[in-house]
Structures are given as structure tokens and as C-alpha cells.
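Residue numbers (my numbering): 375 to 513.
What follows is a set of notes on a single structure, which appears directly below.
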Amino acid sequence: MKAVIVYWTGSGNTQIMADSIQEAIEDMDLECEYYQVSETSAEDVKDADIFFLGSPAMNDENVEEYEFRPFQDDLNPHLSGKKVVMFGSYDWGEAEWMENWKQEMNDVGAQIMDTFVVQWEPNDDQLKEIYDKTQEIMK
Ligand SMILES: Cc1cc2nc3c(=O)[nH]c(=O)nc-3n(C[C@H](O)[C@H](O)[C@H](O)COP(=O)(O)O)c2cc1C
């Protein structure tokens, strides 16, 4: 199963989560491509079997608007029936951005395997949970 991680981060919190996901997959000796969203395109990653998509809450409870949003829009036509995990960090809201994102993924027919949500910077317990859940999903 080919996994791809694509994320945007402003201050590093979502990147720390992405790193745990990558570590979990690589520790299972499975194939994993890892990109900041500016380094790739939907065309490049669309054939993956499972997508780990990361963005913090931005732009009034949405994914980041200038780099991640165009990528997500381009990827959506390829997500029907595909496994997806969304992850990211938020601050002052009530993680509504993830609810909006779930709705969007359901609307395009993706199979949501899980979501990883943390407020601010993830702590060690949260990272361990992300690691363990990722390995469970990748089994
Ligand atoms: C321009 C901007 C918009 C934001 N919008 C929201 C928001 O709508 N809801 C929220 O809970 N947090 C919001 N935040 C806070 C970020 O989601 C939070 O700081 C997060 O930890 C950043 O993750 P990162 O370190 O991966 O960039 C916003 C931050 C910035 C800079």
C-alpha cells in the first residue's frame, strides 16, 4: 500500500504531526512519500492508495487557502473511494475546520480512516497516539 503525506504548516505544529506519521509508516518498512504541499502537486500524488493530508485551521475554519486549498481542489476529483486521513493543529476555534474538511471529503466520496486533531503544538502523548493510530491504519 503506497502512502503519501502532504501538508502545509505555518509555525511547525502540523509538521511535527506529519513527522510522526512518516516515522510510523517507515518503521513498518512501507512505502511513504512525504511532501510539504508546495513541493508537489495533485497530479504527482494522485495514484497513492492512502492520503495523509495535513493543514492547520486557517482562513476562518478552513484549510490553508493559498497553497493547500488549490492542491486539495485539484486532488478532490481523484479521491472517490480512496483512503484519507486528515490531520492538523488549531488554536482558538473548536476544531470546526476539521468538521468542514470531513464534510468535503465525504462529499467527494473519500473513505475517511481517521482524523488527528491537536490544539497548539502536539505533546508526546498526542504524538504517540498519532504514531500508533497510523500503524493501525497501515496494517
Ligand atoms: C492567518 C491565521 C488564521 C487562523 N485561523 C484559525 C481558525 O480559523 N481557527 C483556529 O482554531 N485557529 C486558527 N489559527 C491558528 C492556527 O490554526 C494554529 O496556530 C495552529 O497551531 C498553526 O499550526 P501550524 O504550526 O502547523 O501552522 C489561525 C492562524 C493564522 C496565522
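Quick reminder that beta carbons are idealized off the backbone N, C-alpha and C, glycines included.
Straight-line Cα distance separating residue j from residue i
| i | j | result |
| --- | --- | --- |
| G384 | G455 | 30 Å |
| F425 | A398 | 14 Å |
| M472 | E407 | 23 Å |
| Q396 | V437 | 21 Å |
| E400 | V378 | 12 Å |
Delimiting residues of the alpha helix (DSSP H) encompassing residue i
| i | result |
| --- | --- |
| M479 | E470 to D481 |
| M391 | N387 to E400 |
| L501 | D498 to M512 |
| L449 | F442 to L449 |
Nonlocal neighbours in the same chain, by C-beta distance under 7 Å from residue i, ignoring five residues either side
| i | result |
| --- | --- |
| D488 | V459, K507 and I511 |
| Y505 | S394, E397 and A398 |
Secondary structure of residue i, DSSP reduced to three states
| i | result |
| --- | --- |
| K376 | coil |
| S463 | strand |
| V492 | strand |
8 Å CB neighbourhood of residue i in its chain, flanking five on each side removed
| i | result |
| --- | --- |
| E417 | D448 |
| N497 | none |
Contact test: residue i Cβ vs ligand 1 heavy atom, cutoff 7 Å
| i | result |
| --- | --- |
| N474 | no |
| A431 | yes |
| T489 | no |
| N450 | no |
| N387 | yes |
| D393 | no |
| G467 | yes |
| E441 | no |
Same chain only: Cβ atoms within 6 Å of residue i, ignoring 5 sequence neighbours per side
| i | result |
| --- | --- |
| E495 | N387 |
| K376 | E405, A422 and D423 |
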